[in-house]
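Some notes on the structure that comes next.
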Amino acid sequence: MAKKDKNFWIRILNSTPLHVRRRASSYLDNVKQVSNSEWIVLSESGAQYSVRVSDNNVSCTCPYFSLEKGYCKHICAVAVNELAKSEVLPWLKKLREKL
Numbered sequence: 001m002a003k004k005d006k007n008f009w010i011r012i013l014n015s016t017p018l019h020v021r022r023r024a025s026s027y028l029d030n031v032k033q034v035s036n037s038e039w040i041v042l043s044e045s046g047a048q049y050s051v052r053v054s055d056n057n058v059s060c061t062c063p064y065f066s067l068e069k070g071y072c073k074h075i076c077a078v079a080v081n082e083l084a085k086s087e088v089l090p091w092l093k094k095l096r097e098k099l
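Here you go:
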């Protein structure tokens, strides 16, 4: 992962409210990357949400993102997964293993 990509995901997590980031923890094992710029996140109810990155912007197909225009738990789950893969934040990897 390029440094630019790491900074992108870190910026997203830093600008997301804590209560949203906390809810993302239940989705960490339900993230599947389908292309370089798209991930599918499965909810506990079986719904699938698509997280896409385009031109340094990120979007999600969930209602929260559509209504609130802010980063949602699905985007945070993708961000944590991408950072954990690169081991840029070892404490995130440890947190993921505990959940």
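For reference, each letter of the sequence shown is one residue, going 1 to 99 in the numbering used here. For glycine and all other residues, C-beta sits at the position ideal for the given N, C-alpha and C.
If we ignore side chains and look at the alpha-carbon of each, how far apart do residue i and residue j end up?
| i | j | result |
| --- | --- | --- |
| N56 | S37 | 10 Å |
| D5 | S45 | 30 Å |
| N81 | L67 | 24 Å |
| S86 | W39 | 16 Å |
Residue j and residue i - do their beta-carbons sit closer together than 8 Å?
| i | j | result |
| --- | --- | --- |
| Y27 | K98 | no |
| W9 | A79 | yes |
| S35 | Y71 | no |
| T61 | S50 | yes |
| N21 | L13 | First, the amino acid is wrong: residue 21 is Arg here, not Asn. It is a contact, given that the beta carbons lie within the stated cut-off. |
With H, G and I counted as helix, E and B as strand and the rest as coil, what does DSSP make of residue i?
| i | result |
| --- | --- |
| S66 | helix |
| S50 | strand |
| S15 | coil |
| N57 | strand |
| S35 | strand |
Could you name the residues of the same chain whose beta carbon sits closer than 7 Å to that of residue i, not counting the 5 residues immediately before and after it, in chain order?
| i | result |
| --- | --- |
| A77 | A24, Y27, L28, V31, V41 |
With a threshold of 8 Å between beta carbons, is residue i in contact with chain C?
| i | result |
| --- | --- |
| A77 | Absence of chain C from the displayed structure is noted, only one protein chain being present. |
Excluding sequence positions up to five away, which residues of its chain have a Cβ less than 6 Å from the Cβ of residue i?
| i | result |
| --- | --- |
| S59 | R52 |
| R96 | L28, A84 |
| I75 | V51, V58, C60 |
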